[in-house]
Amino acid sequence: RGSYAGLASEAAIAHLVDLGVTAVELLPVHQIADESFLHDRGLTNYWGYSTVGFFAPHAGYAATGTRGEQVREFKGMVKALHRAGIEVILDVVYNHTAEGNHLGPTLCMRGLDNGEYYRLEDDARYYRDYTGTGNTLDMRRPHTLQLIMDSLRYWVEEMHVDGFRFDLASALARGLHEVDRLGPFFDLIQQDPVVSGIKLIAEPWDIGEGGYQVGNFPPMWSEWNGRYRDTVRDYWRGEPATIAEFAYRFTGSSDLYAGDSSPGSSVNFVTAHDGFTLADLVSFNEKHNDANLEDGRDGESHNRSWNCGAEGPTDDPAVDELRRRQTRNMLTTLLLS
């Protein structure tokens, strides 16, 4: 379990096929490194958003070994999923690396050419941070762009994946400061004969000023529709004045995807790896992230959730039934949108 081989097992694939799944999207599988503050607390980064190697499958997710065997295992997983008619999409993190801020370790780009790979402040000791991780890769630099394009082609041509979901994609599109849909990163993607022909999905925001860009990515891109997620959550917890917004989201978000784009650009979702799961969404009004020792400071506090009358697990059958109904309401909305 929890390995490339586990996902490729007959039981796992049979379950996906039985559900009608036609594509899986993996959280980041590029080689990662734990952040120093996790080491200090005896914790581990297991969800992959801390890349140090853009060409290597993370060894910790392999069942067969860590000295190159993970490459063969990853390829075998992709082949097994393809035989079952299931596409493989990778969540890729090209907006930052695991090197952190100016106090972080030297692991990869910093030791090669700090000013070439990273966005620096006017005082070049410090990093410009649009990602919340301490650093941001500089997409205006030719060697950074070359690195990322070579990596994307590698995963398509050698690993045979079918598409990418770009984490904090607005950070990849920034010029001097503003997000620029005509920037060099988009130009290279559009002109590349390999990468332009696969599925390209943006997480269309970052944490910087003007970073929320839902509806503004170029035509060949799909987008995680954050407004769909928020509206569906609000509608089913009874927030007032959401019916008109709900109608737009349910029918394809034509107000967001007009002109160059189409409703097909919208990736509708209610929950994902960020924040509450679907079970959390109907069980909690507040965050209870205790195991990571952050005391609730991590993540989004406004989750648009409703606990249906009791916070957390309950023995009340009426609350449990309401939670099951709310779960069906949101799943049905998603499947019929």
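Here this note's numbering = 1-based position in the sequence shown + 120.
For each residue, glycine too, the CB sits at the ideal point set by N, CA and C.
Minimum C-alpha distance to residue i - residue among the options
i, options, result
"residue 154", "445, 408, 234, 227", "227"
"residue 160", "414, 430, 347, 267", "414"
"residue 339", "348, 297, 382", "382"
"residue 448", "437, 402, 407, 408", "402"
"residue 245", "257, 262, 221", "221"
"residue 210", "332, 322, 417, 429", "322"
"residue 268", "345, 233, 182, 173", "173"
"residue 232", "304, 260, 219, 130", "219"
"residue 152", "296, 175, 142, 136", "175"
"residue 180", "429, 454, 122", "122"
"residue 133", "162, 279, 199, 186", "199"
"residue 236", "188, 263, 217", "263"
"residue 457", "351, 397, 400", "351"
"residue 454", "398, 277, 185", "398"
"residue 171", "185, 362, 225, 189", "225"
Alpha-carbon spacing of residue i relative to residue j, whole angstroms
i, j, result
"residue 204", "residue 166", "27 angstroms"
"residue 390", "residue 215", "24 angstroms"
"residue 450", "residue 319", "26 angstroms"
"residue 384", "residue 156", "41 angstroms"
"residue 240", "residue 431", "45 angstroms"
"residue 144", "residue 346", "20 angstroms"
"residue 443", "residue 183", "37 angstroms"
"residue 409", "residue 356", "24 angstroms"
"residue 292", "residue 440", "43 angstroms"
"residue 223", "residue 164", "20 angstroms"
"residue 315", "residue 271", "10 angstroms"
"residue 378", "residue 230", "41 angstroms"
"residue 337", "residue 373", "14 angstroms"
"residue 421", "residue 311", "40 angstroms"
"residue 294", "residue 301", "8 angstroms"
"residue 217", "residue 158", "16 angstroms"
"residue 343", "residue 386", "5 angstroms"
"residue 317", "residue 279", "15 angstroms"
"residue 437", "residue 242", "60 angstroms"
"residue 284", "residue 306", "14 angstroms"
"residue 360", "residue 366", "11 angstroms"
"residue 188", "residue 416", "38 angstroms"
"residue 407", "residue 452", "25 angstroms"
"residue 358", "residue 131", "39 angstroms"
"residue 276", "residue 286", "15 angstroms"
Short Cβ contact (7 angstroms threshold) for residue i with residue j
i, j, result
"residue 250", "residue 213", "no"
"residue 208", "residue 201", "yes"
"residue 369", "residue 424", "no"
"residue 299", "residue 330", "yes"
"residue 427", "residue 412", "no"
"residue 376", "residue 335", "yes"
"residue 197", "residue 127", "yes"
"residue 234", "residue 247", "no"
"residue 341", "residue 290", "no"
"residue 388", "residue 348", "yes"
"residue 141", "residue 178", "no"
"residue 327", "residue 395", "no"
Expected contact under 8 angstroms - CB spacing of residue i and residue j to nearest Å
i, j, result
"residue 238", "residue 265", "Actually they do not touch by this definition, with Cβ atoms about 14 angstroms apart."
"residue 313", "residue 260", "So it is not a contact: roughly 23 angstroms between Cβ atoms."
"residue 194", "residue 124", "5 angstroms"
"residue 393", "residue 147", "6 angstroms"
"residue 206", "residue 136", "6 angstroms"
Interface flag, residue i vs chain C, CB-CB below 7 angstroms
i, result
"residue 338", "The structure shown has no chain C; it contains just one protein chain."
Any non-hydrogen atom of the ligand NAP within 6 angstroms of residue i CB
i, result
"residue 199", "As for the ligand NAP, it is missing from this structure, which has no ligand bound."
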